[in-house]
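Participant: This structure is in structure tokens; I'll ask about it shortly.
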């Protein structure tokens, strides 16, 4: 490299400062005065046009026109003199001015005691740059004739622009000194900014040496430092990507191992539960069948009782297998939902009617509180299965006042069903587990009524497949199961 980075930036900054100062000096000395003259000429022409419109409209210098001319004087420092066709002054913005007298007017028009330079001439007016030798002042004057023979002179002093240029040049010196001071500070700041990236690269290299490959260079230099920083970024990104791929592969492998372990545990648990549930009924069926074959008792009533036991146990095994198949299909997603819009109330009444005989046998009291109709969107067969499992579960755990209460109501867009029974409460430690397959809170009582611990698992699978809420809570005198279905 021919020059150091510090030298390069110092020269660039010095050049920029010099260009800005030089450009502003040129603009002040060569552009400000022409701009000022152009704006004053435009103001004079506008004031003259407005005055001509007012004279044509009113036919004379009214008080409103005088007020307008006075405002022109105050706002734009324009002196205005207006004569009629007889060269008599009808308005002057400067009291006692020499232009009020007729002889002085002729002398003024003929150019005595003054030097004129033409700026612009049209059919309606003439604009001159005038130097008055008597007062030593310069003016821009607009001389105009109006309809009816009246004429006017509008003039604006030019001394202010010359004074402005002088003051701006003086102020420009202070600005240049200030800019130079700022430039020194900027050079110090820029050189600091150049050394900081080098130190930053050093810290990045140290972090990468400690295997921290997330380090990135974020500088904006476009030469050696940037090239080195981009190379380090590329290396760091490649290493980070490689490590992420390894971590991802390790996580996937870990998940696969955990899933395989979980599946093996579920398989072992499932086989153990099924074996346990089928062991007793199979043993009973086998024992009673062997007793019948060997003619243990020839009494017809005893033989009939043996047959009833065999049929009952076979029915329990058949029901458990059907529930397992249903649960497996729902959990595996093979049981497709057939969404229908149907009235829920007849479904609930049908379920309760099917339990009428068991309810009477247990001397239970059934209470149903529901609207006359309540339409929902759901799979009708699965919704009926949920209600059937809830009612059956409530019937199997009756105690105390032996009441089963079924409440149905609409809350917003949801149909809420609550099945409550009086009896023993569910221990707090078992509330979260009653939805698991084969889980039984009271195994002895469950065996008494032939429960398999699958019904509530079916409820969970059905409600989750519908994406609806369900649950259980202990009441003061019993247990309440609830679920919700969409009305929309």
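Numbering (my numbering), first residue to last: 1 to 488.
Ideal Cβ placement from N, Cα and C applies to all residues, glycine included.
Because the structure is a prediction, the values reported are computed rather than measured.
In the structure shown, what three-state DSSP assignment does residue 487 receive?
Facilitator: Position 487 of the chain shown, counted from the first residue, corresponds to residue 487. Note: residue 487 maps to coil in three-state DSSP.
Participant: Return the CA-CA distance between residue 289 and residue 318, expressed in angstroms with no decimal places.
Facilitator: Here residue 289 refers to the residue found at position 289 of the chain shown. Here residue 318 refers to the residue found at position 318 of the chain shown. Those two C-alpha atoms are separated by around 17 Å.
Participant: Below 8 Å on the Cβ atoms is my contact criterion, and I expect residue 487 with residue 415 to pass it. Report the Cβ-Cβ distance as a whole number of Å.
Facilitator: As a working mapping, residue 487 is identified with position 487 in the chain shown. As a working mapping, residue 415 is identified with position 415 in the chain shown. About 5 Å separates the two Cβ atoms, so the contact holds.
Participant: According to DSSP, what are the bridge partners of residue 91?
Facilitator: Within the chain shown, residue 91 is the residue found at index 91, counting from 1. Its beta-bridge partners are 82.
Participant: Can the beta-carbon of residue 48 be found closer than 8 Å to that of residue 154?
Facilitator: Counting from 1 along the chain shown, the entry for residue 48 is found at position 48. Counting from 1 along the chain shown, the entry for residue 154 is found at position 154. It is a contact, given that the beta carbons lie within the stated cut-off.
Participant: Is the region 461–471 close to the region 419–430, with three or more CB pairs under 8 Å?
Facilitator: The answer is no - the region 419–430 does not touch the region 461–471, with fewer than three Cβ pairs under 8 Å.
Participant: Using a C-beta cutoff of 8 Å, does residue 412 count as contacting chain D?
Facilitator: Structure shown: chain D not included; a single protein chain is present.
Participant: By DSSP's criteria, residue 416 is part of a beta bridge. Which residues make up the other side?
Facilitator: Sequence index remark: in the chain shown, residue 416 carries index 416 (1-based). Looking at the DSSP assignment, residue 416 forms a beta bridge with 409 and 484.
Participant: What whole-angstrom Cβ distance do residue 168 and residue 28 have, given they're in contact under 8 Å?
Facilitator: Reading the chain shown from its first residue, position 168 is the one you call residue 168. Reading the chain shown from its first residue, position 28 is the one you call residue 28. About 5 Å; that satisfies the 8 Å criterion.
Participant: Taking 7 Å as the limit between beta carbons, can you name the residues of its chain near residue 161, skipping five residues before and five after?
Facilitator: Taking the chain shown and counting its residues from 1, one reaches residue 161 at position 161. The answer, listed in chain order, is 33 and 36.
Participant: Spatial neighbours of residue 25 within its chain, please: CB distance less than 7 Å, with the 5 preceding and 5 following residues excluded, ordered by chain position.
Facilitator: Here residue 25 is taken as the residue at index 25 of the chain shown, counted from 1. So the list reads 172, once near-sequence residues are dropped.
Participant: Taking C-alpha atoms, which residue in 431, 365 and 393 lies nearest to residue 402?
Facilitator: Position 402 of the chain shown, counting from 1, holds the residue named residue 402. Of the listed residues, the one whose Cα sits closest to residue 402 is 365.
Participant: Kindly provide the ranges of any beta strand (DSSP E) runs that are 3 or more residues long and lie completely inside the region 123–171, ordered along the chain.
Facilitator: Correct list: 125–132, 137–145 and 151–157.
Participant: Does the distance from the C-beta atom of residue 44 to that of residue 140 stay below 8 Å?
Facilitator: Position 44 of the chain shown, counted from the start, is the residue given in the question as residue 44. Position 140 of the chain shown, counted from the start, is the residue given in the question as residue 140. Their beta carbons are under 8 Å apart, which means residue 44 touches residue 140 by this criterion.
Participant: Any contact of the region 249–257 with the region 226–241, i.e. 3+ C-beta pairs under 8 Å?
Facilitator: No, because fewer than three Cβ pairs between the region 249–257 and the region 226–241 fall closer than 8 Å, the two stretches do not touch.
Participant: Tell me the residue span of the alpha helix (DSSP H) that contains residue 378.
Facilitator: Within the chain shown, numbered from 1, the residue matching residue 378 stands at position 378. Taken as a continuous stretch (DSSP letters only), residue 378 belongs to no alpha helix (DSSP H), being part of the beta strand (DSSP E) at 375–379.
Participant: Going by C-alpha distance, which of 38, 357, 149 and 395 is nearest residue 84?
Facilitator: On the chain shown, residue 84 is found 84 positions in, with the first residue counted as 1. It is 149.
Participant: DSSP three-state call for residue 355: helix, strand or coil?
Facilitator: Mapped onto the chain shown, residue 355 falls at position 355. If DSSP states are grouped into helix, strand and coil, residue 355 belongs with coil.
Participant: Rounded to the nearest angstrom, how far is the Cβ of residue 387 from that of residue 348, given a contact under 8 Å?
Facilitator: Residue mapping note: residue 387 aligns to position 387 of the chain shown, counting from 1. Residue mapping note: residue 348 aligns to position 348 of the chain shown, counting from 1. The Cβ separation is near 6 Å, so the contact holds.
Participant: When you compare each of 62, 351 and 187 to residue 90 by their alpha carbons, which one comes out closest?
Facilitator: As a first step, residue 90 must be located in the chain shown, where it is residue number 90. The residue with the shortest Cα to Cα distance from residue 90 is 62.
Participant: Just how far apart, CA to CA, sit residue 483 and residue 337?
Facilitator: Your numbering for residue 483 matches position 483 in the chain shown. Your numbering for residue 337 matches position 337 in the chain shown. Computed Cα separation, rounded: 17 Å.
Participant: Indicate the three-state DSSP secondary structure (helix, strand or coil) for residue 299 in the structure shown.
Facilitator: Locating residue 299 in the chain shown gives position 299, counting from the first residue. If DSSP states are grouped into helix, strand and coil, residue 299 belongs with coil.
Participant: Can you say whether residue 397 is buried or exposed, counting buried as having 16 or more other CB atoms within 10 angstroms of its CB?
Facilitator: Against the chain shown, residue 397 aligns to sequence position 397. The residue in question, residue 397, is buried, as its Cβ has 16 or more Cβ neighbours within 10 Å.
Participant: Residues bridged to residue 368 by DSSP?
Facilitator: Within the chain shown, numbered from 1, the residue matching residue 368 stands at position 368. DSSP lists 406 as partners of residue 368.
Participant: Throw me the rounded Cβ distance for the residue 225 and residue 198 pair, which I believe falls under 8 Å.
Facilitator: For the purposes of this step, residue 225 is taken as the residue at position 225 of the chain shown. For the purposes of this step, residue 198 is taken as the residue at position 198 of the chain shown. 6 Å between Cβ atoms; contact.
Participant: Based on DSSP bridge pairs, tell me the residues matched to residue 342.
Facilitator: Locating residue 342 in the chain shown gives position 342, where the first residue counts as 1. In the DSSP output, where bridge partners are listed per residue, residue 342 has 376.
Participant: List the whole-angstrom C-beta distance separating residue 51 from residue 187, where the pair is believed to meet the contact cut-off of C-beta under 8 Å.
Facilitator: In the chain shown, the residue the question calls residue 51 occupies position 51. In the chain shown, the residue the question calls residue 187 occupies position 187. In fact, because the Cβ distance is near 58 Å, the residues do not count as touching under 8 Å.
Participant: Rounding to the nearest angstrom, what Cα-Cα distance links residue 247 and residue 462 in this structure?
Facilitator: Reading the chain shown from its first residue, position 247 is the one you call residue 247. Reading the chain shown from its first residue, position 462 is the one you call residue 462. Cα to Cα, the separation comes out at about 37 Å.
Participant: Expressed to the nearest angstrom, what Euclidean distance is found between the alpha-carbon atoms of residue 385 and residue 479?
Facilitator: Against the chain shown, residue 385 aligns to sequence position 385. Against the chain shown, residue 479 aligns to sequence position 479. The straight-line gap from Cα to Cα measures roughly 19 Å.
Participant: Helix, strand or coil, according to DSSP, for residue 479 in the structure here?
Facilitator: By one-based count along the chain shown, residue 479 stands at place 479. Strand.
Participant: Per DSSP, what kind of secondary structure is residue 454 in: helix, strand or coil?
Facilitator: Position 454 of the chain shown, counted from the first residue, corresponds to residue 454. Note: residue 454 maps to coil in three-state DSSP.
Participant: Suppose the cutoff is 7 Å on Cβ atoms and the five residues either side in sequence are ignored; what does the same chain contact list for residue 435 look like?
Facilitator: On the chain shown, residue 435 is found 435 positions in, with the first residue counted as 1. Correct list, in chain order: 456, 457 and 460.
Participant: Look at the alpha carbon of residue 371 and the alpha carbon of residue 361, and state the distance between them as a whole number of angstroms.
Facilitator: The residue you call residue 371 lines up with position 371 of the chain shown. The residue you call residue 361 lines up with position 361 of the chain shown. About 28 Å.
Participant: Determine whether the beta carbon atoms of residue 127 and residue 42 lie at a separation below 8 Å.
Facilitator: Residue 127 sits at position 127 when you count from the first residue of the chain shown. Residue 42 sits at position 42 when you count from the first residue of the chain shown. It is not a contact, given that the beta carbons lie outside the stated cut-off.
Participant: Here's the rule I'm using: 16 or more other beta-carbon atoms within 10 Å means buried, otherwise exposed. How should residue 341 be labelled?
Facilitator: Indexing the chain shown from 1 puts residue 341 at position 341. Residue 341 is exposed by the Cβ-count criterion.
Participant: What's the C-alpha gap between residue 285 and residue 307?
Facilitator: Residue mapping note: residue 285 aligns to position 285 of the chain shown, counting from 1. Residue mapping note: residue 307 aligns to position 307 of the chain shown, counting from 1. For residue 285 and residue 307, the distance between alpha carbons rounds to 9 Å.
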